[in-house]
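Trainee:
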Amino acid sequence: MQNAKLRNKFKFLPDIATADLAFEAFGKDASELFENAGLALESAMVESDSLKTREVKEINLKNENLENLLSSFLEELVFLKDSEQLLFNSITCEIRSESNSRKNSYELESKLGGEKINHKKHKLGVDVKAVTKHLFKIEQLGDKTYHCLVVLDV
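Read left to right, the sequence shown gives residues 0 to 153 (numbering that gives the first Met the number 0).
Okay, structure coming up:
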């Protein structure tokens, strides 16, 4: 499920949710956190080393809440798997934030590289059905790095 170069970016948590799959991801900033959370989700569904970058997709989202933005982003990845049979091994994200006296606003621009599912070629993992709100959180740690906890319905 997880290769060596991804080991410090996220980890799966087997004892968090029965019959579901949980992971935590880390990042030096919110953009890297989103990238690593996306890679964790994809790693649950496919062994990333078996994928090639044959197609590129863009996801652009906006939300007033960073947690809701991450949840929407991960749900988009699940949607692309279900609707277009696409899995990704390359994810880059850029998050911009705006604050004024009334509200915060976060905008995500993401580029995804991957290919369509080929059952003969790809080493598939679990079939993720949804990103749950159970235990879902993003927090900024004392050293200013970001951390998230995500539970997937499988």
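Every residue gets a Cβ at the ideal spot worked out from N, C-alpha and C, and that includes glycine.
Note that this is a predicted model, so its numbers are computed, not measured.
Would you call the CB atoms of K8 and L38 closer than 8 Å?
Mentor: Counted from its first residue, the sequence shown places residue 8 at position 9. Counted from its first residue, the sequence shown places residue 38 at position 39. Taking 8 Å as the Cβ cut-off, K8 and L38 qualify as a contacting pair.
Trainee: Once you ignore the five residues that flank L65 on each side, which residues in its own chain have a CB closer than 6 Å to its CB?
Mentor: Residue 65 sits at position 66 when you count from the first residue of the sequence shown. Cβ neighbours of L65 beyond the five flanking positions: Y105, I137.
Trainee: Measuring only the C-alpha atoms, how far is D14 from V77?
Mentor: Translated into positions along the sequence shown, residue 14 becomes position 15. Translated into positions along the sequence shown, residue 77 becomes position 78. Each residue's alpha carbon lies about 23 Å from the other.
Trainee: Going by CA-CA distance only, name the one from S30, A16, D19, V127 that's closest to H146.
Mentor: One-based indexing of the sequence shown puts residue 146 at position 147. Taking only the C-alpha atoms, the option nearest H146 is S30.
Trainee: Let's test the definition: count the other Cβ atoms within 10 Å of the Cβ of V125 and tell me whether it reaches 16, buried, or not, exposed.
Mentor: In the sequence shown, counting from the first residue as 1, residue 125 sits at position 126. With fewer than 16 other Cβ atoms within 10 Å, it is exposed.
Trainee: Starting from the C-beta of V153, find all residues in its chain whose C-beta is less than 7 Å away, skip the five residues before and the five after it, and write them out in chain order.
Mentor: Locating residue 153 in the sequence shown gives position 154, counting from the first residue. Only D19, L20, V125, D126, V127, K128 meet the Cβ criterion.
Trainee: List the endpoints of the continuous alpha helix (DSSP H) containing L40.
Mentor: As a position in the sequence shown, residue 40 is number 41, starting the count at 1. That run of the alpha helix (DSSP H) goes 29-44.
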